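Input: a single structure, listed below in structure tokens.
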Amino acid sequence: MENLLEKVKNDLKIKGVKLTLQRQKILDVIIKNQHKHLTTEEIYMIIKKEYPEIGLATVYRTMQLLEQNSIVCRFDFDEDGIRYEFMEPGNEHQHPHFICKECGKVYPIEEVMLDLVKSKIEKKYGLKITNYSLKFYGVCANCNKELSEK
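Counting from 1, one number per residue, gives the positions in the sequence shown under UniProt numbering.
Here it is in structure tokens:
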């Protein structure tokens with residue numbers, strides 16, 4: 001993880017982004033929770049425990065900056081709000097998500113067929129897709145099992 005943090009810091013430095021202490025703390029939280037989809041408020045609450053001086057506005061501005069520099073990807077999960085996902089440098093691969101309507105858990109969907117569809121769309125229409133958002137809603141396996149047992 002330390003290596004990953006250094007890689008991200010270096011990428012930001014190359015792009016001319018100054019890494020303040022607050023931004024460093026925010027990056028630490030994002031990388032430590034890289035497999036979660038956190039809201040800005042959740043990131044703020046985690047940092048505030050260790051660094052109470054940080055303001056919510058700082059976290060919002062930093063998340064926008066990180067999104068602009070392809071460090072995080074922003075997703076709108078409707079009722080669940082805006083959430084962010086870490087994008088490993090050099091692997092800005094987008095993927096759809098499945099959202100369980102029962103428990104609210106978000107599952108990343110890694111499906112090769114979707115990459116093929118993206119490539120086909122780009123080729124057919126002469127486009128370069130840089131971002132997309134695809135969400136599936138339903139009931140996850142755990143909730144489905146619980147519901148069927150009732």
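Glycine included, each C-beta is placed from N, C-alpha and C at the ideal position.
Just so you know, these numbers come straight off a predicted model, no measurement behind them.
Please go through the same chain and pick out, in chain order, the residues whose beta-carbon is closer than 7 Å to the beta-carbon of residue i, but skip the five residues on each side of it.
i       : result
Thr-39  : Gly-81, Ile-82, Arg-83
Arg-74  : Glu-67, Ile-82, Tyr-84
Ile-129 : Lys-118, Ile-121, Glu-122
Lys-105 : Cys-140
According to DSSP, what are the bridge partners of residue i?
i       : result
Pro-108 : His-97
Asp-76  : Ile-82
Leu-38  : Tyr-84
Gly-126 : Gly-126 is not bridged to any residue.
Gly-138 : Cys-100
What's the call for residue i, buried or exposed, on a 16-neighbour Cβ count within 10 Å?
i       : result
Glu-85  : buried
Met-63  : buried
Lys-25  : buried
Met-113 : exposed
Tyr-44  : buried
Leu-12  : buried
Ile-109 : exposed
Leu-27  : buried
Do you know how far the Cα of residue j is from the Cα of residue i?
i       : j       : result
Leu-134 : Gln-34  : 20 Å
Thr-20  : Lys-32  : 18 Å
Phe-98  : Lys-18  : 35 Å
Tyr-125 : Val-117 : 12 Å
Pro-96  : Tyr-137 : 11 Å
Leu-4   : Asn-142 : 32 Å
Pro-52  : Ser-148 : 45 Å
Glu-41  : Tyr-60  : 9 Å
Look at residue i and residue j and say whether their C-beta atoms are less than 7 Å apart.
i       : j       : result
Glu-111 : Val-139 : no
Ile-46  : Ile-54  : no
Lys-150 : Asn-69  : no
Near residue i, what residues of its chain come up, given a Cβ to Cβ distance below 6 Å and the 5 sequence neighbours on each side ignored?
i      : result
Gln-94 : Tyr-132
Thr-58 : Gln-22
Asp-76 : Ile-82
Glu-88 : none
Please determine whether the Cβ atom of residue i lies at a distance below 6 Å from any heavy atom of the ligand ADP.
i      : result
Lys-18 : Ligands displayed in this structure: none; no statement on the ligand ADP is therefore possible.
In chain order, what residues of the same chain lie with their CB nearer than 8 Å to the CB of residue i, ignoring the 5 residues before and after it?
i      : result
Glu-50 : Lys-25
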